[in-house]
Amino acid sequence: MSMFPETTLLKEPSMFWEWVILLAVQATLLCTAAKLVVPEHLLAQAAGLLDMIRIVALIVVFSVTTTGNITICLMNFGTPGFVYGVALCGLAALIAIIVLLKRRRYSTCSMPM
């Protein structure tokens, strides 16, 4: 901040969104761990809820990183390395959302015999 005083207005909001992303990633990891560790017969009713929590948390990560990337680019801040890192985080979240939605769609469909 001392090197770039014009970024001072971004300090407080960035700390809030940093915590939002960290909490969303933690929620995703905890739900994934629960699905991996807890036997499936115990998760029968909660499996759909855990998937929805993971999808919503990843949507939050994607939204925040994409909005942050756009804001940084529009304000002409950041080095390419930082901007690319934020974009890759958003891309990883988007890929995970697509995989989870496809898996959820195929798991609810019955296969014809």
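The sequence shown begins at 1054 in my numbering and counts up one residue at a time. Just so it is clear, CB atoms sit at the ideal spot from N, CA and C, and this is done for glycine as well. All of these numbers come straight from a predicted model, not from anything done at the bench.
Between residue i and residue j, is the Cβ-Cβ spacing less than 8 Å?
| i | j | result |
| --- | --- | --- |
| Ile1150 | Ile1108 | yes |
| Thr1118 | Val1139 | yes |
| Leu1111 | Ala1087 | no |
Considering only C-alpha positions, which residue in the set the options is nearest to residue i?
| i | options | result |
| --- | --- | --- |
| Leu1076 | Val1114, Gly1121 and Cys1126 | Val1114 |
| Leu1154 | Ile1123, Ile1106, Tyr1137 and Gly1121 | Ile1106 |
| Ala1146 | Ile1074, Ala1097 and Pro1066 | Ile1074 |
If you draw a straight line from the C-alpha of residue i to the C-alpha of residue j, how long is it?
| i | j | result |
| --- | --- | --- |
| Met1164 | Gly1101 | Because Met1164 sits at a pLDDT of 44, beneath the cut-off of 50, its placement in the model cannot be relied upon, and the following sentence gives the value as read from the coordinates. Each residue's Cα considered, the two are about 19 Å apart. |
| Met1068 | Arg1157 | 33 Å |
| Thr1085 | Gly1121 | 26 Å |
| Glu1071 | Cys1142 | 13 Å |
| Gln1079 | Asn1129 | 31 Å |
| Cys1126 | Thr1081 | 28 Å |
| His1094 | Ser1116 | 34 Å |
| Leu1089 | Leu1083 | 10 Å |
| Thr1124 | Ala1099 | 37 Å |
| Pro1092 | Pro1066 | 40 Å |
| Leu1096 | Tyr1137 | 38 Å |
The ligand NAP and residue i: does any heavy atom of the ligand fall closer than 7 Å to the residue's C-beta?
| i | result |
| --- | --- |
| Val1113 | In the structure on display, the ligand NAP does not appear, and there are no ligands present to speak of. |
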